[in-house]
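Accompanying notes for the structure given below.
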Amino acid sequence: MNCNIIKDLLPSYIDGICSEETVAAVEKHIEHCQGCKDTMQIMKQPTVQIVETNVEAAKEPFKRINKKRRFQVITAIVLSFMICIIGYQVVQNVGNVHQLFFPKVVAIAEITDDMEDWQSISFSSDLINHQDYVIYDSFFWKKEIINEVNNESDVLLRVKDEKGNVIIDEFPISPGESVKLDSLNSKEKYFFEIKAPQGRFTINAV
Ligand SMILES: [Zn+2]
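Residues 1 to 206, numbered by the numbering used here, are exactly what the sequence shown covers, in order.
Set out below in structure tokens:
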């Protein structure tokens, strides 16, 4: 019996619906025909499993791509999220950072009576929170006091310590000029007083 006939018979043989004669013929052929034996082995494997195996095998490259893609997407999301947070923090704190490296407080003195008496001035770094003293709390203070250039006239200033002692007696500053107060210590509170003609004066401490 030739191989083609055997291959035609194999499905029926495997399903066990062949006559005894056919079974005998197939088995006899298979004994000495490796090709038909192999074909039978393949046919004997459950059909469903073969299909599934093939489908899984076919999916594998896509799975790998999906995994890689998923990793990239997650990485991108995480990075974007981190950049958002860092950016937000920088924007929120840039004022503070700037204030740390370039400390500056501003006083706006309203003088109502002409040169009458010393008037204490209060400083602010953000125009919201005022304090009536200056404290040189970091290395970055230049310890300079500036009579802003737009001010209308010279002012007299003097500096007191926390106990009310005059530490630096009156000194004049012209508009647009600054005076360096090197004798002042860091981390002590200094209270500034002003004498000036009637008007509005912006005094900067840096
Ligand atoms: Zn054969």
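All residues carry an ideal CB built from backbone N, CA and C; glycine is no exception.
Predicted model only: the values in this text are computed from it and were never measured.
Distance cut-off 8 Å: residue i Cβ against heavy atoms of ligand 1
i     : result
Cys18 : no
Ile30 : yes
Ile14 : no
Asn66 : no
Ile42 : no
Ile6  : yes
Asn2  : yes
C-beta contact flag for residue i and residue j at 9 Å
i      : j      : result
Asp161 : Glu144 : no
Phe192 : Val134 : yes
Ser186 : Phe139 : yes
Tyr190 : Ile167 : yes
Thr202 : Asn165 : no
Leu10  : Val26  : yes
Lys44  : Ile14  : yes
Closest Cα partner of residue i within the set the options
i      : options                     : result
His29  : Lys7, Ile42, Ser19          : Lys7
Asn147 : Glu56, Ile83, Ile85, Ala205 : Ala205
Lys142 : Gly164, Phe101, Ile121      : Phe101
Thr112 : Asp15, Arg200, Ile14, Ile17 : Arg200
Specify whether the region 149 to 157 and the region 188 to 202 touch according to this definition: at least 3 beta carbon pairs, one from each stretch, less than 8 Å apart.
-> yes
Cβ pair count under 8 Å reaching 3, the region 123 to 130 against the region 92 to 108 | yes
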